[in-house]
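In our numbering, the protein residues as written are 139 to 606.
One structure is given here, and the rest of the page talks about it.
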């Protein structure tokens, strides 16, 4: 890689001469075409004169990133430029691909009026635009990197440890892509790419085997960063059709969702292997914490218990009531989550311990309660105080100043409100009804009776008094 500095008042002819000089290309034998990429889905723009070069410099000055608007320099022998036949008839072969010095990709980065130029070689045999030249460690990573850009174009023609070849799903189409191992390393480098399809769009859109669940999962993984987001399989199918023009089945959408969740949250199988490490670090970073893990004879997960040191110390200031509960887990392997909680002085829920079991059975509950008792019993035995008895009052040894102190009963307080006419009944006392002696009815007495007595009863009462 070589760097050059462009003058501020540089013109197109000077740029053309610098490229010939740095790349050591013979102007008499080869011609170059300078182009740059504006956006991902737009065609390349060509720099052919001073006006187009000045326009490119203005774009670079206003760009936020130094790597914006990369230059692509296409090198072609002058003998090929003078030929009039159609280059689409040229067949791809190992001999026609050529060496790495057949095409130069140039990227210009502008900094405070100065431009730094980096040159990198790529192979080609015809007027092609190749704007990818990054080295990717693994073939699978390379496929994922380029899969979102050519997601509806190709099928794998050859894939081994030395090269990776893609072709269009239509055999008559000239679209192709080739990458091979870089030297004796494990790196792969893109050697050749023809990005123009000569087939019909109906053929391209009819088959999407190249839109694997891994590639689609990488495109939609940002949708599952927040746990509050609801992104269903139907949403995946709709977005992939609207964004990439890819049609997929519900089964593939579901697999893509699983791949995206795995990229965001990790593999559940690997997470179980890290459980002992997490528990060890909890005990190291939170002194006083108690963790336990139990497995079957074949080392498969069975039970887990965790009580943080802060929860154990806070139990002293909470209400002496423990509430336990269990709920099912929605992960790939399922299970049951056990919790033990209480209520603090502010009437808020205070978590004491967590537990995880394979099933909600009597054995799992018994194990969780035993671990809970062991964790808090250990703390109580270590830090709990002792309450001593007072003994017989006749044996008390009281000092004279305490004996001389006099404490009298307080003055009784009068209750607020008017005195009650009716006595407050005791607990369990049955309600008694009063019978009136004047009218013989229940519910009142003679004094509060409102019934008028008949004249016959008054005369009978008067005669009884006279007889006496």
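Ideal Cβ positions, reconstructed from N, Cα and C, are used throughout, including at glycine.
A quick note: this is a predicted structure, and the numbers were derived from the prediction, not measured.
Look at residue 477 here: in three-state DSSP terms it is strand.
Out of 164, 183, 167, the CA that lies nearest to the CA of residue 173 is found in 183.
Per DSSP, reduced to three states, the secondary structure at residue 195 is helical.
With contacts defined by Cβ atoms closer than 8 Å, residue 358 and residue 374 form a contacting pair. Between the stretch 489-502 and the stretch 517-527, the count of C-beta pairs closer than 8 Å stays below three; the two stretches do not touch. With fewer than 16 other Cβ atoms inside 10 Å of its own Cβ, residue 545 counts as exposed.
According to DSSP, residue pairing for residue 432 in a beta bridge involves 441. For residue 406 and residue 399, the gap between their C-alpha atoms comes out near 10 Å.
Residue 378 sits buried, since 16 or more C-beta atoms from the chains shown fall within 10 Å of its C-beta.
For residue 477, the closest of 536, 153, 495 by C-alpha to C-alpha distance is 495.
Here residue 452 has 482, 488 as same chain residues with Cβ atoms under 8 Å from its own Cβ, once five neighbours each way along the sequence are excluded. Residue nearest to residue 383 within the set 349, 370, 412 is 349 (criterion: CA-CA distance).
With a contact defined as Cβ atoms closer than 8 Å, residue 312 and residue 336 qualify at about 5 Å.
In the pairwise beta carbon analysis, the stretch 429-444 is classified as touching the stretch 409-420: at least three pairs are separated by under 8 Å.
Checking the DSSP bridge columns, you'll see residue 426 has no partner listed.
Under the three-state reduction of DSSP output, residue 419 falls in the helix class. Residue 353 and residue 394 have their C-alpha atoms roughly 8 Å apart. In the three-state DSSP reduction, residue 210 falls in the strand class (E or B). Around residue 292, the same chain offers 304, 305, 306, 307, 313, 315, 348 as residues with beta carbons nearer than 8 Å, after the five sequence neighbours per side are excluded. Between the stretch 293-301 and the stretch 318-326, the count of C-beta pairs closer than 8 Å reaches three or more; the two stretches touch. For residue 463, the three-state secondary structure derived from DSSP is strand.
Residue state for residue 356 is assigned as helix, using DSSP reduced to three classes. Taking 8 Å as the cut-off, the beta carbon of residue 414 is found no closer than this to the beta carbon of residue 447. With a cutoff of 8 Å on beta-carbon distance, residue 491 and residue 522 are scored as not near each other. Per the DSSP secondary-structure output, residue 564 pairs with nothing in a beta bridge.
Residue pairing for residue 168: DSSP places it in a beta bridge opposite 215. Boundaries of the alpha helix (DSSP H) around residue 403: 388-403.
Here residue 372 is exposed. Its C-beta has fewer than 16 other C-beta atoms within 10 Å. Looking from the CA of residue 438, the closest CA among 569, 457, 410 belongs to 410. When secondary structure is reduced to three states using DSSP, residue 382 falls in the helix class. Residue 183 is bridged by DSSP to 174. In this structure, residue 457 sits near residue 480, with a CB-CB distance shorter than 8 Å. By the criterion of a C-beta distance shorter than 7 Å, residue 332 is surrounded in its chain by 266, 312, 313, 314, once the five residues flanking it on both sides are discounted. Residue 294 sits in a strand when the DSSP states are folded into three classes. Taking C-beta atoms as the reference points, residue 572 and residue 581 count as a pair closer than 8 Å.
Considering only 543, 434, 194, 199, the residue with the shortest C-alpha distance to residue 209 is 194.
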